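Some notes on the structure that comes next.
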Amino acid sequence: MTMIYVNDKIQQGYSYELSAPKGHDFAPDFKPEFTPQQMLEMGVFEGHYLNDCQSEFPSVWFENARLSLDKPDEQVNYFHIKSRQPLQEWQRKGWIIGPDVRGWFQWYCRYYMGRRLPKIDAWQIKRWKAFKRHKAQVEQNCIIGDLSCRPRQRQALLQWAYNPIF
9 MTMIYVNDKI
19 QQGYSYELSA
29 PKGHDFAPDF
39 KPEFTPQQML
49 EMGVFEGHYL
59 NDCQSEFPSV
69 WFENARLSLD
79 KPDEQVNYFH
89 IKSRQPLQEW
99 QRKGWIIGPD
109 VRGWFQWYCR
119 YYMGRRLPKI
129 DAWQIKRWKA
139 FKRHKAQVEQ
149 NCIIGDLSCR
159 PRQRQALLQW
169 AYNPIF
């Protein structure tokens, strides 16, 4: 078993064990359409989400990632649109639980790497499944191939590992 030790700007002194093979052994009802690396390469979270904790994840994830090191930049996003709320708002809404102090995408990255925390995993997968309603809304309201239709909703889908380009 591999241990990961976290020491970044937001979280220090946290460690976790990787108990599943990277990218495999997901819960049967969790089928993300993108890997964390693919999401970073396409442009998510205004390029400013994991910048201070890159050492926690494989360096290959960041080789072609669309990042903005100084400040969030909506032009880095795939749909070039503002797409996130401040972390304080996520905390206020109760979207931050357990050791994943940055929210869903941090949980997904750690889950993808092989960390398993059954109660938290179940909660996050339930949230992921509920988010699929946005994909149905885009499909119902947009002409196939018109990526200018509902760009904020499409960017959000990408940030939840759903394919917004169909």
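Counting in our numbering, the sequence shown runs from 9 upward without gaps. Glycine included, every Cβ here is placed at the ideal spot set by N, Cα and C. As the structure is a prediction and not an experimental result, all values here were calculated from the model.
Problem set entry | Exposed unless 16 or more other CB atoms sit within 10 angstroms - verdict on residue 130 | As a first step, residue 130 is located in the sequence shown; it is residue number 122 there, counting from the start. That one is exposed.
Exercise. Cβ of residue 26 within 7 Å of Cβ of residue 106?
Worked result: In the sequence shown, counting from the first residue as 1, residue 26 sits at position 18. In the sequence shown, counting from the first residue as 1, residue 106 sits at position 98. No, the pair does not count as a contact, with Cβ atoms beyond the cut-off.
Exercise. In angstroms, rounded to a whole number, what distance separates the CA positions of residue 91 and residue 172?
Worked result: Numbered from 1 along the sequence shown, position 83 holds the residue referred to as residue 91. Numbered from 1 along the sequence shown, position 164 holds the residue referred to as residue 172. CA-to-CA, the gap between residue 91 and residue 172 works out to about 14 Å.
Exercise. Can you give, in chain order, each stretch of the alpha helix (DSSP H) that sits fully within the stretch 11–44 and has at least 4 residues?
Worked result: Listed in chain order, nothing qualifies, since the stretch 11–44 has no complete alpha helix (DSSP H) run of 4 or more residues.
For this session: State the Cα-Cα distance for the pair residue 102 and residue 71, rounded to the nearest angstrom.
Result: Taking the first residue of the sequence shown as 1, we reach residue 102 at position 94. Taking the first residue of the sequence shown as 1, we reach residue 71 at position 63. The alpha-carbon atoms of residue 102 and residue 71 are separated by roughly 33 Å.
For this session: Assign residue 68 to one of two classes, buried (16 or more other C-beta atoms within 10 Å of its C-beta) or exposed (fewer than that).
Result: In the sequence shown, counting from the first residue as 1, residue 68 sits at position 60. Residue 68 counts as exposed, since fewer than 16 other C-beta atoms from the protein chains shown sit within 10 angstroms of its C-beta.
Exercise. With a CB to CB cut of under 6 Å and the five nearest residues on each side skipped, what residues in its chain are close to residue 109?
Worked result: Reading the sequence shown from its first residue, position 101 is the one you call residue 109. Shown here for residue 109: same chain residues with a beta carbon closer than 6 Å to its own, the five before and five after excluded, namely 18 and 19 in chain order.
Problem set entry | Spatially closest choice to residue 93 from 111, 134 and 135, by CA coordinates | Within the sequence shown, residue 93 is the residue found at index 85, counting from 1. Closest in alpha carbon position to residue 93, among 111, 134 and 135, is 111.
Problem set entry | Chain-order list of residues whose beta-carbon lies under 8 Å from that of residue 153 (same chain, five-residue window excluded) | Counting from 1 along the sequence shown, the entry for residue 153 is found at position 145. Result list for residue 153: empty, nothing under 8 Å.
Exercise. Alpha carbon to alpha carbon, how far is residue 31 from residue 163?
Worked result: Walking along the sequence shown from the start, residue 31 turns up at place 23. Walking along the sequence shown from the start, residue 163 turns up at place 155. One Cα belongs to residue 31, the other to residue 163, and the distance between them is close to 23 Å.
Exercise. Does the beta-carbon of residue 114 have 16 or more other beta-carbons within 10 angstroms, so that it is buried, or is it exposed?
Worked result: As a first step, residue 114 is located in the sequence shown; it is residue number 106 there, counting from the start. Buried is the label assigned to residue 114, since at least 16 other Cβ atoms lie within 10 Å of its Cβ.
For this session: Report the three-state DSSP secondary structure of residue 81 (helix, strand or coil).
Result: The residue given as residue 81 occupies position 73 in the sequence shown. Residue state, collapsed to three classes: coil.
Problem set entry | Span of the alpha helix (DSSP H) around residue 70 | Against the sequence shown, residue 70 aligns to sequence position 62. Counting along the chain, the alpha helix (DSSP H) containing residue 70 begins and ends at 68–71.
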